[in-house]
Structures are given as C-alpha cells and as structure tokens.
Amino acid sequence: MSAGRQRRRTALLLAVAIVAAGCGLAADATQVLRAAELATVDARFDVRGTRSPPADVVMVGLDDRSVETIDERPPIRRRHHARVIERLSEAGARVIVYDFDFTGQTSVRDDNALLTAMRRAGTVIVATTRVDADGRSDALGGARTRRFARTVAASANFPERTQRGGVVRRLPYAERGVPSLAVAAARRAGAAIDRDRFSGDGAWIDVPGPAGTVPTVSFLDVRDGRVPASRLRGKVVVVGATALALGDIRSTAAGDGVPGAEIHAAAVETLLRGIPLRDAPGGTAALWIVLAGALTPLAAIRLTGLRWLPVPLLTAALSAVIAQAAFGAGGRILPFVPAVLALGVGSAGSFAVAYATDLRDRRRLHALFSRFVPAAVVDEVAAAAGEDLRLGGVRRDGTVLFCDLRGFTSAAEPLSPEEVIGMLNVYLTEMSDAILDAGGTVVSFMGDGIMAVFGAPLPQDDHADRALRAAAEMLGPRLRRFHEVSALTAPLDLGVGVASGPVMSGNVGSPRRVEYTAVGDTTNTAARLEGMTKETGVPILIADSTRQRLRDPGGFALEEVGDVAVRGREATVCAWTLRPPGG
1 MSAGRQRRRT ALLLAVAIVA AGCGLAADAT QVLRAAELAT VDARFDVRGT
51 RSPPADVVMV GLDDRSVETI DERPPIRRRH HARVIERLSE AGARVIVYDF
101 DFTGQTSVRD DNALLTAMRR AGTVIVATTR VDADGRSDAL GGARTRRFAR
151 TVAASANFPE RTQRGGVVRR LPYAERGVPS LAVAAARRAG AAIDRDRFSG
201 DGAWIDVPGP AGTVPTVSFL DVRDGRVPAS RLRGKVVVVG ATALALGDIR
251 STAAGDGVPG AEIHAAAVET LLRGIPLRDA PGGTAALWIV LAGALTPLAA
301 IRLTGLRWLP VPLLTAALSA VIAQAAFGAG GRILPFVPAV LALGVGSAGS
351 FAVAYATDLR DRRRLHALFS RFVPAAVVDE VAAAAGEDLR LGGVRRDGTV
401 LFCDLRGFTS AAEPLSPEEV IGMLNVYLTE MSDAILDAGG TVVSFMGDGI
451 MAVFGAPLPQ DDHADRALRA AAEMLGPRLR RFHEVSALTA PLDLGVGVAS
501 GPVMSGNVGS PRRVEYTAVG DTTNTAARLE GMTKETGVPI LIADSTRQRL
551 RDPGGFALEE VGDVAVRGRE ATVCAWTLRP PGG
C-alpha cells in the first residue's frame, strides 16, 4: 500500500474512532439506552451473588403468622406496635425504624400507648408517605405530637426516578425537605452522610441479595418476648410489613418479591457502610467509553486485513469482566451499554474501511510477497511491507540480551566437525529455550553467541524481569545441562550482557531475503556489557536501566558492580550483577 493510500486509510479509521466514541458518549449523556443499562446493573448483582447478611441491621417483619395470630383487620391496633417498641427498647436496639404510616387517630388508649412507648424509647424514626409542598407530614397527627413522642418523621417513598421500570435501585436523600427513612435512621445511628452522593437519581442501594437476605425476626415473637436481646442489642431495627396480604412488596436489582421494609433495611446498611456503590466518575466513564469505541479502529491502523478482528471480540469480553470486577471489588458502576454501542460502531466502521482498502490490497500483496517469503508468514510480511518490499519497524521500550560462550572455539579444536556442530546445537537449544520460555525473541545466532530482545516485537510491560529470569536460567540449570552432555574436558564460562531502553525493531533486508532485528543504543550497550564480563570477572553485567525497569526488583539478588566505561559512550554505565544462590 502506497504512503498516500496508507494515510487515507489511517484518516478514515481515525474518523471511525471519533464517531464511535461520540455515539457512545451521546448515548451515555442522553440516557436513551437507560433501560438496557439498568438491566446490565441488575445482571451485575446476579453475577456477584448474595453478600453476607448485614451485621448491624435487623428486620422485624409483620409476617403472615403474626397477622393470623393477632387476627385483626389491618391495620392492627397500635397497642401491638407499642409493645414491640417497648421490647426493642428494653433489648437495647440502637435505632428503631418504623415503616408503618401512622396517620389520623384511633382509640385514645392505643394512641397514647404508642406515643408513650416512642417517647420512652427516644430512638424511633417513624415513616411517612405523605409530604406536602411545604415539607409537612401528618405522621402521628403532626409535628406537635411527634415532638411529644420524641420522634421524627422520614419519607418512606421511592420516587419514580429511583425505581425505573418498577425496580427500586436508588435512594433519594430527601423528599420536599423531609429526609428519607434510611437517611434519618443512619444519621441517628451516627453515620456521616455525604449529600453529594445522592445527586441525580439518588444513591445506589447495595442490596445484599434477594428477599430474606436481611436477618428477620417475627413481629409476634418480638411482641411476646421470644426473641433474645442479643439479636437486637446495638442494631438498627427496621419494623415493617412482610406478609404478602399487606401488599408492600417490590422488586430490587437483586430480585423480585422483596418487602418494602427489607429495602429500607438494605438502604440503612448501605449508608452505614459509606455507600459502597457509586457511578464511575465522569472522566473515568468517558475514558472507558472512548477506549471501547476507539480501540478497534486504532488497532486496525496497525493490523491490516482482518487481523484486527479478534480485538473487538476480546474487548467485549474484557469489558464485561472489567465492568463486573469494578462493580464487585471496587463498587464502581461503569456504563456498559454505551461502551458496547461505541465498540459496535467502531467495529462496523473498521470493517467498512478494511473492505475498501486492506482486503482488496491483500490479494495483490499476497501474489507479490509469496515469491520471497514462506507462505506461513506471508500475511505478517505483507501487512508490514511497503511497495518497495522494505519492511517497516517500530520503536518500543525493551530489553536486549547478548550472551557468549567463553573459549568455545579453542576448546572445540580437538573435536571433529560433527561433534562441534552437534555440541553447538545443544548449547544453542538450551539457551534459546530459556529465552523463549521467558517470552523473549531470539534475534540471531552468531557462532556461539546469541542476541535476544524482550518487549519487541510484542510489547511486554515486564520485559526487564523476563530478561533477568532468562539470564538466571541460562547461567544456572541450562549451562549445567549443556556441560553434562558436552564432550568438553572442562566447563566453559558464559558471559551475558543486559540493557534496557528504546529499541527499534522490525524486519529488514532485500526483496529476496528478510530477517527480524533490533538496533539502537540499547543494543550496543548490551553487546558492550557482554564483552566486559571478561574484564570485571562476573558472568553477567546488567545495566542500571534494566534494574530501574524491574516490576519485581525483590525477586532478583542484585549486587552493584559499579560504574563501568563502555566503549562508544562518553558517560559510564552503572552495572549490576546477579548473586549466585548461596551468596
């Protein structure tokens, strides 16, 4: 492909990347795919599974057995609630959250019993579902009565924005100035609540699991004193209806059929834990979407034909894994559907560009290069070649290794040519296997010398660690294995030089023959250090540039040799060596 055609192809793919990222960002900003996005959030709860039951929150449920035993037409008389509050207060409940809407008056006896029990407890938060435009509630008959009962009213409502599609996922901070039930309860329990975390649709409720996950005791058992105080002491206790006949059943991200009181209990626990779930920061979410949309077209710039096709597939799989990991481990909710949309647009656009350019040129390049390189590597060579058959290169941060077997030529003089070649093959096999097993590339054999590079042609973040692991293997078990099978009368020493830095690598050669190579100052330094192992008396010299790039410096026993003068460089090089096992 000519330089002009390559520039046009690159410009088209960059345009695809911009359009793909823009589509994803627009979808995220406008929330046009909000329903699908919320479905993926629910799926993340399903994949995570049920968490450990809350330790600081207990629910008292007015269940079917309690309703049948009390045998009163709902709502049951307030004297039963008064007795439950007394039992909870006696047991040492930290906060009592009452998810029953006490409006209007009943009998004087029942009303007074309830107000007196609340006043004595002094820790009751009472629910309200009716808040007027001025933030007033008629719970317990009004503010004056609530002051007597030493209680406050809090909103038990979940506005539409918090329960898209009928599924309660978020908690509002307040309704018309009246704090939400969970907010009031957590604040009474001593939790510090950041109001900024409730912006937008509210704070995410980290429901621990499906219905029944929050520890629950029966209303009737509490009223009759059959629940040990140890189960209630120091806990935030949420009292509410769990009987199906009472109708307070909702859906959450973790499942359907959840009592409203259990959702409030989960919300209280969420606040006590510091609201662990949150939307990813705007910058992070935008970067996530941009990467999803741009990764495939950017990869297609380097990977011609359809060699980039695995990129969107891997990106989609990796996106799902990262989104789930961010949710489960870090409590961050990344926008998944906008990212997938951006990925799809980027992939479709990349395929259109490939069809218009690469796929048509591939047939011509196949016919051209199949005369000069093996069929197995035609695709790779054709992808990297220009019209003059010269193959381009890349600059990457990498590590270069040189090794040489000391005195091999003189030691092999008494041997036959067949023995020399056979022994050399054994040596080269052992050393190159050590390099390949560590993920390096064997660039060339130079008699009994080897040049290898790590971090190229494929980038490796830990290229320095890989190079030292290979060197340790070469100087240790590989060299011993070679001596065990060689015909030499005395063991030979191995000299190794290692340096890291910018490496220019690629295929070079003529139209008739090409090979892979790595050139530059890093290569020269590694070669010089290998030669200087004779002078310094150590088997390996490692440039300080390699030591600085180690991801796991503690995994190697390094010993400083000092500054050495390297031929061809004005400045000295600080060199290190590997201490052998045992010191």
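Number 40 in my numbering belongs to position 40 of the sequence shown; there are no gaps in the numbering. Beta carbons: idealized from backbone N, C-alpha and C, even for Gly.
Taking the C-alpha atoms as reference points, what is the distance between residue i and residue j?
i: Asp279; j: Arg332; result: 6 Å
i: Asn524; j: Leu488; result: 31 Å
i: Gly274; j: Ala191; result: 8 Å
i: Phe369; j: Thr304; result: No answer about Phe369 holds up, because its pLDDT of 40 lies below 50 and its placement is not dependable.
i: Gly5; j: Val353; result: Inspection of the sequence shows that residue 5 is occupied by Arg rather than by Gly. Rounded to whole angstroms, Arg5 to Val353 spans 12 Å at the Cα level.
i: Gly255; j: Val41; result: 12 Å
i: Val420; j: Tyr427; result: 10 Å
i: Ala518; j: Leu334; result: 41 Å
i: Phe351; j: Leu309; result: 9 Å
i: Arg176; j: Gly135; result: 5 Å
i: His483; j: Leu578; result: 21 Å
i: Leu114; j: Asp101; result: 13 Å
i: Phe219; j: Gly330; result: 37 Å
i: Arg77; j: Ala317; result: 56 Å
i: Gly422; j: Glu430; result: 13 Å
i: Leu415; j: Arg567; result: 35 Å
i: Val47; j: Phe327; result: 10 Å
i: Pro208; j: Leu277; result: 12 Å
i: Asn112; j: Thr151; result: 14 Å
i: Asp552; j: Phe454; result: 16 Å
i: Ser319; j: Asp563; result: 47 Å
i: Ile125; j: Ala43; result: 33 Å
i: Gly476; j: Ala20; result: 52 Å
i: Met118; j: Glu72; result: 22 Å
i: Ser444; j: Gly555; result: 28 Å
i: Ala36; j: Arg395; result: 43 Å
i: Ser432; j: Glu413; result: 24 Å
i: Leu479; j: Glu418; result: 21 Å
i: Ala323; j: Leu287; result: 14 Å
Return the chain-ordered list of same chain residues with a C-beta closer than 7 Å to the C-beta of residue i, the five sequence neighbours on each side being excluded.
i: Gly24; result: Ile289, Ala292, Gly293, Pro338, Ala339, Leu341 and Ala342
i: Asn157; result: Thr129 and Glu175
i: Ala587; result: Residue 587 lies beyond the range of the chain shown here (1 to 583); nothing can be said about it.
i: Ser180; result: Ala154, Ser155, Leu171, Pro172, Tyr173 and Ala174
i: Phe408; result: Asp448 and Leu492
i: Thr69; result: Leu220
i: Ala17; result: Gly293, Ala294, Pro297, Leu298 and Gly346
Ordered along the chain, which non-local residues of its own chain (more than five positions away) have a Cβ less than 8 Å from that of residue i?
i: Leu246; result: Leu62, Val67 and Pro74
i: Gly225; result: Arg87
i: Arg406; result: Leu492, Asp493, Leu494, Gly495 and Lys534
i: Gln105; result: Asp111 and Gly141
Does the distance from the C-beta atom of residue i to that of residue j stay below 8 Å?
i: Val95; j: Thr129; result: no
i: Met532; j: Gly520; result: no
i: Arg231; j: Arg87; result: no
i: Ser155; j: Val178; result: yes
i: Leu33; j: Ala26; result: no
i: Lys235; j: Ala82; result: no
i: Thr213; j: Thr103; result: no
i: Glu262; j: Met59; result: yes
i: Leu558; j: Leu541; result: no
i: Arg147; j: Ala139; result: no
i: Val167; j: Ser251; result: yes
i: Pro457; j: Pro215; result: no
i: Ile205; j: Ala267; result: yes
i: Arg120; j: Ser89; result: yes
i: Asp397; j: Pro502; result: yes
i: Ala411; j: Met474; result: no
i: Ala91; j: Ala229; result: yes
Could you give the C-beta distance for residue i and residue j, rounded to a whole number, given that I count them as a contact under 8 Å?
i: Asp404; j: Gly537; result: Contact flag wrong, Cβ pair sits at about 15 Å.
i: Val239; j: Val97; result: 7 Å
i: Thr357; j: Arg7; result: Not a contact, Cβ separation roughly 11 Å.
i: Gly260; j: Asp248; result: 4 Å
i: Ala575; j: Val561; result: 4 Å
i: Asp99; j: Ala143; result: The Cβ separation is near 20 Å, so there is no contact.
Excluding the 5 residues preceding and the 5 following residue i in the sequence, name in chain order all residues of the same chain whose CB lies nearer than 6 Å to its CB.
i: Ser500; result: Thr399, Ala464, Ser545, Thr546 and Arg549
i: Ala285; result: Pro335
i: Gly202; result: Thr162, Arg170, Leu171 and Pro172
i: Pro210; result: Ala254 and Gly255
i: Leu272; result: Asp56, Ala186 and Ala191
i: Asp64; result: Ala243
Does the beta carbon of residue i fall short of 7 Å from some heavy atom of the ligand NAP?
i: Val353; result: Summarising the ligand content, the structure contains no ligands, and the ligand NAP is consequently not present.
> So, do the region 434-442 and the region 459-479 have three or more beta carbon pairs nearer to each other than 8 Å?
Replying inline: Flag = yes, the region 434-442 and the region 459-479 touch.
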